[in-house]
Each structure stands twice: as C-alpha cells, then as structure tokens.
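S.K.: After the structure tokens below, expect a handful of questions from me.
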C-alpha cells in the first residue's frame, strides 16, 4: 500500500506505479494552476499600464 498526500486528503494505491502516476498528475495540475495565476497577474499588470497612459 502506497499513500499519496494530495494536500487535502490522503489516497492509498496498491502499486508504486499507480502512486507515482498520481503524483505526476498532481504536479501537472499544480503547474497549470501556477501558469494560470501568472497569466492573470500579467494581464492585470498590462491593464494597469494602459490606464496610466
């Protein structure tokens, strides 16, 4: 039994391959969220720049 902590709760997997895939999925989701937040920050910065002109 392999346990993966997703930040909200723990998930148990029977094989290490399943646990590893779950960790990769979590990482990919986190990276997408980081990119989305960076994009939002970039857009608000550009909008602020436009207003000051």
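In the numbering used here, the protein residues as written are 8 to 60.
Note that the Cβ used here is the ideal one computed from N, Cα and C, for glycine as well.
For residue 12, tell me which candidate among 41, 21, 23 and 33 has the shortest Cα-Cα distance.
M.R.: Residue numbering aside, residue 12 sits at position 5 when the chain shown is read from its first letter. Out of 41, 21, 23 and 33, 33 has the C-alpha closest to the C-alpha of residue 12.
S.K.: Roughly how many whole angstroms lie between the Cα atoms of residue 19 and residue 46?
M.R.: Along the chain shown, one-based indexing puts residue 19 at 12. Along the chain shown, one-based indexing puts residue 46 at 39. If you take the alpha carbons of residue 19 and residue 46, they lie about 34 Å apart.
S.K.: Tell me the DSSP secondary structure of residue 16 in three-state form.
M.R.: As a working mapping, residue 16 is identified with position 9 in the chain shown. In this structure, residue 16 counts as coil in the three-state DSSP scheme.
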